[in-house]
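To start, the structure under review is shown below, and the notes come after it.
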Amino acid sequence: SGQTPVWFASWKGHTAVVKLLIENGADISICDEDGFSPLYVASHEGHSDVVDILLEAGADVHQATTKNGDVPLGIAAQNGHTETVQRLLEAGANVNHQNKDGASPLYVASQEGHTEVV
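Using our numbering, the first residue of the sequence shown is number 11, and each one after it goes up by one.
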């Protein structure tokens, strides 16, 4: 299913576990059956510290593996996770990325009423 231990630890925000798994060779690029990477699920949940760990370990901030072409920045913006959005932008995330529906991070944040992200 692609839901590896590092995927679950990222989703749940377990920073120490994510760090330990990476130190022991966990592959942070493996996605689940929906195309959600550890970076994507950490961004979805607003786990900024986990996002930092994954980025430091080489996670691809531009990886768009979901069926709709969504990226971590888009899902963080959609869910109003301002700190996570900031960290992804600092890591070079493309603020103008559009998914297959043409929706950018700015668009999804504004649609959800997250003015602090906009």
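Ideal Cβ positions, reconstructed from N, Cα and C, are used throughout, including at glycine. Remember, predicted model here, so these are calculated numbers, not experimental data.
- Task: Quick one: grab the DSSP three-state call for K25.
- Result: Correcting the residue identity first, residue 25 is Thr in this sequence and not Lys. The answer is helix: DSSP assigns T25 an H, G or I state.
- Count the other CB atoms, across all protein chains shown, that sit within 10 Å of the CB of A26; report buried if there are 16 or more and exposed otherwise. exposed
- Thinking C-alpha only, which one of L64, S53 and S39 is nearest G115? Going by the sequence as given, residue 115 is Pro instead of Gly. It is S53 whose Cα lies nearest to the Cα of P115.
- Message: Could you tell me the alpha carbon to alpha carbon distance between W17 and P48, rounded to whole angstroms?
- Response: 5 Å
- beta strand (DSSP E) runs contained entirely in the segment 27-74, provided each spans 3 or more residues: none
- Proximal residues to Y50 (C-beta, below 6 Å), its chain only, five neighbours per side dropped: When the five nearest sequence neighbours on each side are left out, the beta carbons in the same chain lying within less than 6 Å of the beta carbon of Y50 are those of P82, in order along the chain.
- Message: For a minimum of 4 consecutive residues, which ranges assigned as the alpha helix (DSSP H) are wholly contained in the segment 71-95?
- Response: For the segment 71-95, the full-length alpha helix (DSSP H) segments reaching 4 residues or more read 82-88 along the chain.
- What is the C-beta distance between V127 and A87, in whole angstroms, given that I count them as a contact (C-beta under 8 Å)? Their Cβ separation, rounded to whole angstroms, is 5 Å, which keeps V127 and A87 in contact under 8 Å.
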